[in-house]
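Take the sequence shown: its letter number 227 is residue 245 in this note's numbering, and every next letter is one higher.
Ideal Cβ placement from N, Cα and C applies to all residues, glycine included.
What follows is a short report on a single structure.
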Amino acid sequence: MAHYESLKGFVQEVAHGNCIPIEVTSLSPEVSAKSLERFVGRATYYMEWYDQRWRSLEIYRDLNYRFYNAHEDGGDLLLLMERSGLSKVESSIVTFDMTNSESFEFELRRFKVIKLLELMYVVDGRCCYEGCYFTIRKLIDCLFSLLAYAQKLNADNTGRVRRGKVAKVQALSLYRLGKILNLKRSEIKLIDLFVSDLNRNGPSPNSGVFMVGREYYIIPSHIMSLSVEKVVDHIMVRKDVFINNEGFSDKGYFFESLLRDVIEKSARSFYKLNQDIKKGIPEIDGMFNVWGSTWVLCEAKCSVKPECRRDAYQFTENHIVGALSQLDKRFDFLSGRLNPIPGFVFEEADLLLLIVTNHNYFTGLNLKTPKGRDVYVVDLLYLSDILIGGFVPVWSNVKGGQSYVRSKRDVANELISDAIKYPLRNLLSVEVPSFQIQESGIVIRIHKESIVDDMSFYS
């Protein structure tokens, strides 16, 4: 079965346009040109990436994500250590209780989830479901309470299996589940948000609890595999959940406000146009002057970071494709109007089309609109580093292995445009490639995890 699943995966990679199979059963000009002679007679096909830049995108993306995810504020870490019981400060003396290290890791994970969701939502803003009010922070607390319960069940099941017994799937009543989620009686209606009702529909991959009859079932392994960010986002996009805080009716408007903040903190004016159908004016998420005659026309896109290529395809279909068409419409509008934006003259401007995302999964990607115009993708944090910090993060591989060292390169005003367009120029060197021949006779390149070298935190 594993053999056929592997073959199915290769077929899907080719069908999606990610890979090109190169026959290596015998010598050929193509085999020689790509230095694949070592596989002749040992394999049937070599799976080559359609776009060789994609691996560099993955490395640069993952390194930046891991660096910022690990580079926490010292004050925040101290509070987390005290809250989890890992440390205690008395009379300027810090004591540690390592028996609470797991509790600290749990609190740290919760803290990081909140940080990621803060780029999408007002986590303490007021929300409503069928007359019951809550905050996103409350949802996160509920999910981590559920996760803690699932981890305990999983530990119990591990012990049962070792003793030769069968693992248990826990069945709960409504109010018992409410206690596990730390919900008050007045909040019990919120249980609906975490449950996939199998009496009515099929199972949802983003629900933590399954309802059969009048009982609620908890499968520990399923809950432990969930992405808390995806579960929260799945809840917040429900039609029966309403957001009512600071004028932001959805995550898109909130993310646009964060984009505006970054541009204005860089001492630049940020311009936004509201749609006016009667006057033929399209909505423009944002425009700003970079330097001299260079202007940026940007489209803001907000979502949970994809965890796999399937999620990436969905994001592309649901967000990126539409954004490319919208940028064409906005470009055409700007080319036909006299100065719709203060200081902007289309004939004199070098207009850069940009998609800004809240996560860095697609940072460095270059695309084309339906009309053939170049579009670049960056995340908000990378844009902030350039415009506010005045630098780009640079990564260098350590001796061909998995580790990379981070440094900073200052960006002069006249080079900001290139820094936005070409993030991958800041990946100075990469790992030495390694390969593996599968049972199916297909050669694949092994992609090792990219590791942030400790020296990166001292540069």
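Less than 8 Å divides the Cβ of Val412 from the Cβ of Arg427. Taking every protein chain shown into account, the CB of Val322 has 16 or more other CB atoms within 10 angstroms, so this residue is buried.
DSSP, reduced to helix, strand and coil, places Lys386 within a strand of the structure shown. Contact between the stretch 417-426 and the stretch 379-386 is absent, with fewer than three C-beta pairs closer than 8 Å. Taking a C-beta distance under 8 Å as the contact criterion, Val179 and Tyr235 do not qualify as a contact pair. With a threshold of 16 other beta carbon atoms within 10 Å, Met242 falls short and is exposed.
Of the candidates Ile438, Val448, Asp403, the residue whose Cα lies closest to the Cα of Ser421 is Val448.
The stretch 43-84 contains, as complete alpha helix (DSSP H) runs of 4+ residues, the segments 47-51 (chain order).
One thing to note: Asp392 has its Cβ no nearer than 8 Å to the Cβ of Leu372.
If you draw a straight line from the Cα of Asn172 to the Cα of His240, it comes to about 10 Å. No Cβ-Cβ contact shorter than 8 Å links Leu201 with Cys145. Within the DSSP secondary-structure output, Leu315 pairs in a beta bridge with Met305, Leu371. Counting along the chain, the unbroken alpha helix (DSSP H) around Asp350 starts and ends at 339-353. Rounded to the nearest angstrom, the gap between the Cα atoms of Gly143 and Ile281 is 24 Å.
With a contact defined as Cβ atoms closer than 8 Å, Ala318 and Asp303 qualify at about 5 Å.
Per DSSP, the unbroken beta strand (DSSP E) holding Gln454 starts and ends at 452-455.
Between Tyr63 and Val42 a beta carbon distance of about 6 Å is seen, short of the 8 Å cut, so the two are scored as contacting.
Taking the Cβ atoms as the reference, Leu315 lies roughly 6 Å from Leu369, within the contact range of under 8 Å.
Collapsing the DSSP output to three states places Phe212 in a helix. For the set Ile40, Ser191, Arg84, the Cα lying nearest the Cα of Glu467 is the one of Arg84.
The closest CA to that of Glu457, considering only Cys37, Glu31, Ser46, Arg60, is found on Arg60. With fewer than 16 other CB atoms across the displayed protein chains lying within 10 angstroms of its CB, Asn431 is exposed. Rounded to the nearest angstrom, the Cβ distance from Leu399 to Tyr151 is 32 Å, too far for a contact under 8 Å.
A distance below 8 Å separates the beta carbons of Val423 and Asp471. Shortest Cα-Cα distance from Ala189 to any of Ile206, Ile198, Pro324 involves Ile198.
In the DSSP assignment, Ala168 falls within the alpha helix (DSSP H) that extends over 154-180. When secondary structure is reduced to three states using DSSP, Tyr147 falls in the strand class.
According to DSSP, Asp397 shares a beta bridge with Thr375.
Looking at the DSSP output, Cys37 bridges to Trp67. Non-local C-beta neighbours of Ile469 in its own chain, meaning closer than 6 Å and more than five positions away in sequence, comprise Gln420, Ser421, ordered along the chain.
In this model, Ile132 and Pro388 are separated by some 37 Å (Cα to Cα). Counting along the chain, the unbroken alpha helix (DSSP H) around Met242 starts and ends at 238-242. Here Gln188 carries a strand assignment [DSSP, helix/strand/coil].
For Phe475, the closest of Gln70, Asn82, Leu45 by C-alpha to C-alpha distance is Asn82.
Within a 10 Å sphere around the beta-carbon of Leu446 sit fewer than 16 other beta-carbons, which makes this residue exposed.
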